[in-house]
Each structure stands twice: as structure tokens, then as C-alpha cells.
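Student: Here's a structure for you.
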Amino acid sequence: MDYSLYPRHDVLCIDMRSFYASIEAVKLGLDPMKAMVAVVGDPNRSGSIVLAASPALKKKYGISNVSRFFELPKDPNIRIVPAHMADYLQVSIEITKLLLQYAPKEAIHPYSVDEVWVTVDGLQKIFGNRFEIAKKIKQDILDCFGITASIGIGDNKFLAKVVMDLHGKKTGIAECKYEDVKEKLWPFPVEAIWGIGSRLKRHLNRMGIVTLGQLANYDLGQLKKRFGVMGEQMYWHAWGIDLSPVYGNFTKTEQKGFGHGISLLRDYTKEEVAVCILDLCEEVCRRARTARKAGRTIHLGIGYSKETGGGFSRSRSIDLPTNVTMDVYDVCMRLFHEHYDGKSDIRRVYVTLTNLHDVGETQLELFEDRIKKTNIGYVMDAIRDKHGSTAILRASSYTDAGISLDRSKKIGGHFA
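The sequence shown begins at 7 in our numbering and counts up by one.
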């Protein structure tokens, strides 16, 4: 591979170790790397998920981020704390502000609440080489927040992330140049890299591709024929090639649609789910109105309870774009009655509004006062913006089947 044909940058991928658990340990005055802390979505529910486990808890008991509360061992040394999502978001913002001391905002690309890419091209004279910059940032995060970070350094975003995942989490800081790919990537199994899940792994294994080295040396034409664009991407990643931009406004994207869903805390009957669907339609349309958008395609997804299994996912397009809650709700309920099996309890609901248009592009109907219906929504939005999301709700939201009151206390589905 002639790597001289590809750009080289100084990219850091920074991952905060056991981020939620580390923050909770610091709040408790404990060492995040030594204390055994489990952050649970809702400690009042035995089936609630363990959102984060501290490194010591992971090492001693093998607890992972897919474990359940009831699976935690009965060890008095384990500190169980509820999630505080607002705290985690605030610390994430403060860490990003710290990174602005090293690089401009267009060189910082947040990947998740606890992981971020930073491109440090041209900063050698100010802070040293890229390894020295990584050491400074790692120490600053520890000094300012008490959190231990793992950092990968690469010639592009992919190399920075994959070397952080494969090596940096063990050594603290790890580096991978193009020339290091054969040594540092190729011995690992294909599923070790970004983007290859269990299903794709099975397909590759059947083709005799077990390691990244075997993937890199497989015929590109055959990979493209079998997997399309994904096959080509896997091949280039196995060689450490990634042309993703390292500078730009990484937070600004074109809105393709508005969606809102929920996994319910209990099984809902067909009568109760209508209230849940209405609350979801309200939130979807509120977001659309805020963006001054309206949509023509309405999608409803329903998942049945664990005992029954299955569900359905259907959509319907309407003639005129809308962001009126009751318009979207009426379509959702028609979809529900057409496709619901009539007997199963319901555990998951999702509503989306797509095929978007600017509000100014929508036309009025001759025999319907759409302006009045739309304005009601904007007035309700203004009241919520000023006085809080629960300042004005539909009466059905106050019933046992309503979800708006409970959701208002959460961020990302977990308590703030």
C-alpha cells in the first residue's frame, strides 16, 4: 500500500474511562480507578440496566454496560448510585471547553458524551509533538475532573479510535501510524474494529476471513461484490485508510426527520397505548415546529411484549405537510388499527415525521382552518418554553398511561 497517496494528520481520540461511574466516584470522594461503583438507570427496578461500571468492578466481577441491576453481586463494597444524566452532560461540556485550550472548535469532533476526536495539526511549536499533547490533555483531564482518559493517536480518525480501543485502554496512550498497521491492527480479529458487528463477522468468517490481516489481503473486488460499499470500507479500514474530514462544523447536520420513541416500563393495552402515541406525537410535532418544518410521511413503530414478541412498523404519506399534533396522531391511530394484531400487549412505541418541507412551503386547504390548528401548537410551545415542558399538557398525559410527566424528569431516557 502506497501511503504517500493519503493525507496524514495528528488526530487524538480521547475516551473517558467508565465516564458515568468515574463522575459518581469523584462525587463520593473515591478514586474512580479503585472504587467499585455501578451506575444504574433506575435502582427501584431490578431489571434496570447498569449504565456504567467502574474499572475495578469490571475487573473483579466482569460487569459490563449490558448487565442488569439484579446481576450485580451482593458485595457490600459495591456502591450503587442512580444515573444523573445532567451531571454527565455538564462534565462533558466542560471537558470540551478544556480542549479548546489546545485546538480550535472546528478541530474538535465529539463522538459521544464520553468520547471525542481532536486534531492537533501544526501545534508542535506551542505544545510539543502529538504524543506530548496527548500526555498534557490526559493530565489536565485528571487534574481538573479526577477522570482517567485513554487516548489513541493516529494519522486519521479511524486509526486514532481503533488504536485507542485495541491498545490505549490498556496502556493509557497508544499511537498508530500508517506504517504500524500490520503490527498493531492485523493480528486482531475482524470484529475488533469499528463497524463490524456479530452478523458481519459471521459472514466474513465463512469466507475464511478471521483477522484484519486476512481482510486487508482479500480481493477487493470480491468484497465489493459481496458487501457493496460496506465491503470497500472494511477493506480500506483494514489498511488503516480513512478519508473522513478532520476539520469542520461537526454538530451541524441537515435534519431528515423528527422521531421520538419509548420502551415502556410495563405492558400497555391497546386502549392505553393511544395515550402514549398522542404524547409522542406531541413531542415530535413540537420539535418540527421549533425547526419551522412540516412533514408528509408519518411512521409508527410498535413492539409487542416479551411474551408475545414481534410487532410492526408502518408509514403513510399525506397530501399536505403538517406539524399539527392531531393530524399526525390521526394517521398513527389509523396505522395502529390497521396493523395491530388485536390481542398483544405493547412494550415499545415509536413515532417519526419525515419527508420534510419548510413551513412557508405548505399551502392552505380551502375548507379547513389549518392556520388556527397550527397556531394552537405554537402557543402551547411558547408556554412550555417559558414555564417548563410540563406547564401545559393534554388531560390524557395525566392518566396512568401518559408518559410526558415521567419523561420530563429524564435526559436520554434516564433521570437527570
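Cβ coordinates follow ideal geometry from the N, Cα and C atoms, glycine included. Note that the coordinates shown come from a computational prediction; the quantities given were computed from them, not determined experimentally.
Kindly provide the ranges of any beta strand (DSSP E) runs that are 3 or more residues long and lie completely inside the segment 95 to 164, ordered along the chain.
Tutor: List check, beta strand (DSSP E) in window: 114 to 118, 121 to 125, 155 to 160.
Student: Please list the terminal residues of the continuous alpha helix (DSSP H) segment that includes PHE76.
Tutor: Along the sequence shown, read from residue 1 onward, the residue named residue 76 stands at position 70. Taken as a continuous stretch (DSSP letters only), PHE76 belongs to no alpha helix (DSSP H), as it is neither H nor E.
Student: Judging by CA-CA distance, which residue of LEU206, ARG302, LYS167 is the nearest neighbour of VAL187?
Tutor: Reading the sequence shown from its first residue, position 181 is the one you call residue 187. Of LEU206, ARG302, LYS167, the residue nearest in Cα terms is LYS167.
Student: Could you tell me if GLY227 is buried or exposed, where buried requires 16 or more neighbouring beta carbons within 10 angstroms of its beta carbon?
Tutor: By 1-based counting over the sequence shown, the position of residue 227 is 221. So GLY227 ends up on the exposed side.
Student: Work out the CA separation of ASN223 and GLY47 for me, nearest whole Å.
Tutor: Stepping through the sequence shown from its first residue, residue 47 is reached at position 41. Stepping through the sequence shown from its first residue, residue 223 is reached at position 217. Cα to Cα, GLY47 sits roughly 44 Å from ASN223.
Student: Do THR360 and GLY301 have their C-beta atoms closer together than 8 Å?
Tutor: Sequence index remark: in the sequence shown, residue 360 carries index 354 (1-based). Sequence index remark: in the sequence shown, residue 301 carries index 295 (1-based). In contact: THR360 and GLY301 (Cβ atoms closer than 8 Å).
Student: Nearest-angstrom Cα distance between LEU372 and ARG293?
Tutor: One-based indexing of the sequence shown puts residue 372 at position 366. One-based indexing of the sequence shown puts residue 293 at position 287. Because the pLDDT of LEU372 is 46, which lies under 50, any placement of that residue in the model is unreliable, and the question is left without a value.
Student: For ILE3, count neighbouring C-beta atoms within 10 Å of its own C-beta (all shown protein chains included) and say buried if the count is 16 or more, exposed if not.
Tutor: Residue coverage of the chain in this structure runs from 7 to 422, which leaves residue 3 outside it and unanswerable.
Student: Straight-line CA distance for ILE69 to ILE153?
Tutor: Here residue 69 is taken as the residue at index 63 of the sequence shown, counted from 1. Here residue 153 is taken as the residue at index 147 of the sequence shown, counted from 1. Taking the straight line joining both Cα atoms gives about 20 Å.
Student: By the DSSP assignment, the alpha helix (DSSP H) with ALA62 in it spans what residues?
Tutor: Sequence index remark: in the sequence shown, residue 62 carries index 56 (1-based). Where ALA62 is concerned, the enclosing alpha helix (DSSP H) stretches over 61 to 67.
Student: Please classify VAL1: does DSSP put it in a helix, a strand, or coil?
Tutor: Residue 1 lies beyond the residue range present for the chain, which begins at 7 and ends at 422; the question has no answer from this structure.
Student: Using only the alpha-carbon positions, how far apart do HIS343 and ILE215 sit?
Tutor: Within the sequence shown, the letter at position 337 stands for residue 343. Within the sequence shown, the letter at position 209 stands for residue 215. Computed Cα separation, rounded: 47 Å.
Student: On the premise that MET42 lies in contact with SER28, defined as a C-beta separation below 8 Å, what is that separation, rounded to the nearest angstrom?
Tutor: Counted from its first residue, the sequence shown places residue 28 at position 22. Counted from its first residue, the sequence shown places residue 42 at position 36. Contact doesn't hold; Cβ gap of about 12 Å is too wide.
Student: Considering only the alpha carbon of each residue, which of GLY35, ARG295, HIS345 lies closest to VAL385?
Tutor: Position 379 of the sequence shown, counted from the start, is the residue given in the question as residue 385. Among GLY35, ARG295, HIS345, the Cα nearest to that of VAL385 belongs to ARG295.
Student: In this structure, how does DSSP classify ILE389 when only helix, strand and coil are distinguished?
Tutor: Residue 389 sits at position 383 when you count from the first residue of the sequence shown. Three-state DSSP puts ILE389 in a helix.
Student: Candidates PHE318, ALA198, ILE304: which alpha carbon is nearest TYR310's?
Tutor: Residue mapping note: residue 310 aligns to position 304 of the sequence shown, counting from 1. Of the candidates PHE318, ALA198, ILE304, the one whose C-alpha sits nearest the C-alpha of TYR310 is PHE318.
Student: Tell me the DSSP bridge mates of GLY178?
Tutor: Locating residue 178 in the sequence shown gives position 172, where the first residue counts as 1. The partner list for GLY178 (beta bridge, DSSP) is empty, contrary to what the question assumes.
Student: What distance in whole Å lies between the Cβ atoms of ASN329 and CYS291, which are believed to be in contact at a cut-off of 8 Å?
Tutor: For this step, residue 291 is matched to residue 285 along the sequence shown. For this step, residue 329 is matched to residue 323 along the sequence shown. Confirmed, about 5 Å.
Student: Determine the DSSP secondary structure at ILE20, reduced to helix, strand or coil.
Tutor: Residue mapping note: residue 20 aligns to position 14 of the sequence shown, counting from 1. If DSSP states are grouped into helix, strand and coil, ILE20 belongs with the strands.
Student: Go ahead and pull the three-state DSSP assignment for ILE29.
Tutor: The sequence position of residue 29 within the sequence shown is 23, counting from 1. Note: ILE29 maps to helix in three-state DSSP.
Student: In chain order, what residues of the same chain have a beta carbon less than 8 Å from the beta carbon of TRP200, not counting five sequence neighbours either side?
Tutor: If you number the sequence shown from 1, residue 200 lands on position 194. Once the five neighbours on either side are set aside, the close Cβ partners of TRP200 are PHE164, LYS167, VAL168, ASP171, HIS243.
Student: Measure the CB-CB distance between TYR108 and ILE147 and report whether it falls below 8 Å.
Tutor: Within the sequence shown, residue 108 is the residue found at index 102, counting from 1. Within the sequence shown, residue 147 is the residue found at index 141, counting from 1. Contact: no.
Student: Does DSSP put HIS15 in a helix, a strand or coil?
Tutor: Locating residue 15 in the sequence shown gives position 9, where the first residue counts as 1. HIS15: coil per DSSP, three-state reduction.
Student: Within 10 angstroms of the Cβ of ASP325, are there 16 or more other Cβ atoms? Answer buried if so, exposed if not.
Tutor: Here the question's residue 325 lines up with position 319 in the sequence shown. So ASP325 counts as exposed.
Student: Buried or exposed: which applies to HIS289, given that a residue is buried once 16 or more other Cβ atoms fall within 10 Å of its Cβ?
Tutor: Locating residue 289 in the sequence shown gives position 283, counting from the first residue. Note that residue 289 is Glu in the sequence shown, not His. Answer is buried; the Cβ neighbour count reaches 16.
Student: Considering only residues of the same chain and omitting the five flanking positions on each side of VAL32, which have a CB-CB separation below 8 Å?
Tutor: For the purposes of this step, residue 32 is identified with residue 26 of the sequence shown, where counting begins at 1. Within the same chain, VAL32 has close Cβ partners PRO38, PHE151, GLY152, ILE153.
Student: Here's the rule: buried if 16 or more other CB atoms are within 10 angstroms of the residue's CB, otherwise exposed. What is THR331?
Tutor: Numbered from its first residue, the sequence shown carries residue 331 at position 325. Its Cβ being crowded by 16 or more others within 10 Å, THR331 is buried.
Student: I'd like to check one pair, THR125 with TYR253: are the Cβ atoms closer than 8 Å?
Tutor: By 1-based counting over the sequence shown, the position of residue 253 is 247. By 1-based counting over the sequence shown, the position of residue 125 is 119. Yes, these two residues count as a Cβ contact at 8 Å.
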